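Reviewing the structure listed below.
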Amino acid sequence: MSRLRRSRTHKAQRDVHRASRTRVNLPGISVQISVLIKTFFLQARTRDIDQIQLVDLDPKNRAKLEAQELDYERPGLAQHYCVECAKYYETDSALRSHWKSKVHKRRCKALKEPAYTIEESERAAGLGRDDRRAIVAVTDSDVAMSQS
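Those letters in the sequence shown? Residues 76 to 223, per my numbering, in order.
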């Protein structure tokens with residue numbers, strides 16, 4: 076493999092390594108298919124933005140998430156949690172540095188936009204009802220004709 080060929084294909088290695096870190100082992104399936112399956116379907120997913128907006132940012136739920144009891148299965152014993160990004164951190168200093176990062180600021184900016192609703196998606200597809208009425212310009216001659 077030449078140097079040029081290697082430089083054009085090295086970016087895909089990241090996805091292959093991420094796929095190998097998934098929790099599920101698929102015996103009896105070819106390597107290429109198992110990598111595709113792991114890459115797209117079996118990776119652990121974070122919470123979606125609309126789930127965070129509608130559930131986690133509610134003041135009662137946010138207080139529960141920020142003050143969780145000790146959980147030995149979570150990083151940092153579930154004591155350092157970023158509600159906006161739905162991630163656990165090992166230490167308080169890691170959480171504080173995350174709050175200053177671009178990733179956190181981008182997520183906060185995305186959360187400020189309203190959630191995409193089902194009605195909005197139906198209107199975009201042309202299935203919804205259009206509540207706007209057509210504006211008809213009424214002139215003085217139309218009024219005079221209707222009165223006579």
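For every residue, glycine included, the Cβ atom is placed at its ideal position computed from N, Cα and C. Quick caveat: nothing in here was measured; it's all calculated off a predicted structure.
In the DSSP secondary-structure assignment, Lys162 is bridged to Cys157. Of all C-beta pairs linking the region 177 to 192 to the region 120 to 127, three or more are shorter than 8 Å, placing the two stretches in contact. Annotation: Ile193 to Thr121 spans about 21 Å, alpha carbon to alpha carbon. Rounded to whole angstroms, Asp131 and His155 show a C-alpha spacing of 15 Å.
Per DSSP, reduced to three states, the secondary structure at Lys139 is helical.
Per DSSP, the unbroken alpha helix (DSSP H) holding Ala185 starts and ends at 177 to 187.
DSSP, reduced to helix, strand and coil, places Leu202 outside both helices and strands of the structure shown, so it counts as coil. By the CB criterion at 8 Å, His173 and Tyr163 fall outside the cutoff. Secondary structure note for Ala190: it is in no alpha helix (DSSP H), with a DSSP letter that is neither H nor E. Per DSSP, reduced to three states, the secondary structure at Arg122 is coil, with no helix or strand assignment. For Asp167, the enclosing alpha helix (DSSP H) stretches over residues 167 to 174. Spanning the alpha carbons of Glu144 and Arg137 requires a straight line of approximately 14 Å.
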